[in-house]
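Novice: Handing you this structure, nothing more for now.
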Amino acid sequence: MTIQWFPGHMTRARRQIQDKLKLIDLAVELLDARIPLSSRNPMIDDILLNKPRLIVLGKSDLADPRETEAWIERFKYEGHECIAVDASTGTRVGEIPDLARQLMQEKIDRQLAKGINPRAVRALIVGIPNVGKSTLINRLAGRNIAITGDRPGVTKGQQWIKVGKEMELLDTPGILWPKFDDPIVGYRLAMTGAIKEQILDIEDIAFYATRELINRYWDTLVERYGIEEERPEDTEQADEIVRIMEAIGRKRGCLISGGRVDLEKTSGIILREMRAGKLGRLTLESASTY
Ligand code: GDP
1 MTIQWFPGHM
11 TRARRQIQDK
21 LKLIDLAVEL
31 LDARIPLSSR
41 NPMIDDILLN
51 KPRLIVLGKS
61 DLADPRETEA
71 WIERFKYEGH
81 ECIAVDASTG
91 TRVGEIPDLA
101 RQLMQEKIDR
111 QLAKGINPRA
121 VRALIVGIPN
131 VGKSTLINRL
141 AGRNIAITGD
151 RPGVTKGQQW
161 IKVGKEMELL
171 DTPGILWPKF
181 DDPIVGYRLA
191 MTGAIKEQIL
201 DIEDIAFYAT
211 RELINRYWDT
221 LVERYGIEEE
231 RPEDTEQADE
241 IVRIMEAIGR
251 KRGCLISGGR
261 VDLEKTSGII
271 LREMRAGKLG
281 RLTLESASTY
């Protein structure tokens, strides 16, 4: 698989975040609620060291609510505070400052006991590209801020963004790389739009997307496209997946000469509709199997 991240990029990204750790009280780790595993940086524990952490499951408006609840439980069980939000409309984003403060409560109480007036809790948002960092920062800030990633060699004074009285955010998020060890991770990132389609073959992405839909959301697939096919018994068989893709293509009139199905066009339709939420709220990774 073609990857845009090279070891040098990863080292630089890691250093950029670690330089900021001394400025902050806690990190906000932003994940995609549809793919909490694939959108998670594999080295996150090493990178954030022992900083208190709030896990935010973003794009939860597109994810399966029951699965999201299970993920929240899972992360809490592992000792992290966790909340699911929709940063595009702002749903539950307003609870983040309170949670951040709760995470720092012990320190705040210690300061109060010494007669020190605690300052606002300082946080940094970290996550992979396209997970929704800028959207979340803008929501928390309550206004649009031009957010640029850190560029190597460009030193820029850090700006703090006030989020109410109790929280301050660094205006440049920490950009992390996704996991690449398992090829399916790349396809899941492409399905959800986190990495550009051009990097992988569109028919391959749609192939894996259709397989996930058959395995996890068969009824939704049947309902959306009105297909009358038998459910494939073995989704490890590639021709079984293609059979379903072709049935979808025929239903949508994606035909080429000789009555064959235009798989490229069909793939475009499946991916577009999946990303736009037309197939309902979908989660591709379950907390229970992790
Ligand atoms: P960044 O690269 O991490 O800063 O990601 P952006 O903030 O630029 O977001 C990437 C895309 O995801 C944009 O099209 C956003 O509108 C969209 N997005 C971000 N958060 C949400 C969310 O909670 N729900 C939905 N539906 N879309 C979101």
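The opening position of the sequence shown corresponds to residue 1 in our numbering, with each subsequent residue numbered one higher.
Every residue gets a Cβ at the ideal spot worked out from N, C-alpha and C, and that includes glycine.
All of these numbers come straight from a predicted model, not from anything done at the bench.
1. Cβ-heavy atom distance between K196 and the ligand GDP below 8 Å?
2. What are the boundary residues of the alpha helix (DSSP H) that includes R74?
3. Just tell me which of I96, A63, L176, N130 has its CA closest to the CA of A123.
4. Identify the continuous alpha helix (DSSP H) that holds L169 and give its terminal residues.
5. In whole angstroms, what is the alpha-carbon distance linking V85 and R139?
6. Taking only heavy atoms of the ligand GDP into account, decide whether any of them is closer than 8 Å to the Cβ of N144.
7. Could you work out which residue in K179, D219, Q16 is closest to N41 when comparing CA atoms only?
8. Can you name the residues that DSSP bridges to A27?
9. Go ahead and label D64 buried or exposed: buried means 16 or more other beta carbons lie within 10 angstroms of its beta carbon, across all protein chains shown.
10. Grouping DSSP H, G and I as helix and E and B as strand, with all else coil, what is E246?
11. Can you give me the Cβ contacts of S267 inside the same chain, cut-off strictly under 8 Å, excluding the 5 residues immediately before and after it?
12. Is it the case that the Cβ atoms of K107 and D19 are separated by a distance below 9 Å?
Specialist: In brief:
1. no
2. 65 to 77
3. I96
4. No alpha helix (DSSP H) holds L169; the beta strand (DSSP E) holding it covers 167 to 170.
5. 11 Å
6. no
7. K179
8. R53, L124
9. buried
10. helix
11. I202, E203, I205, A206, F207, M245
12. no
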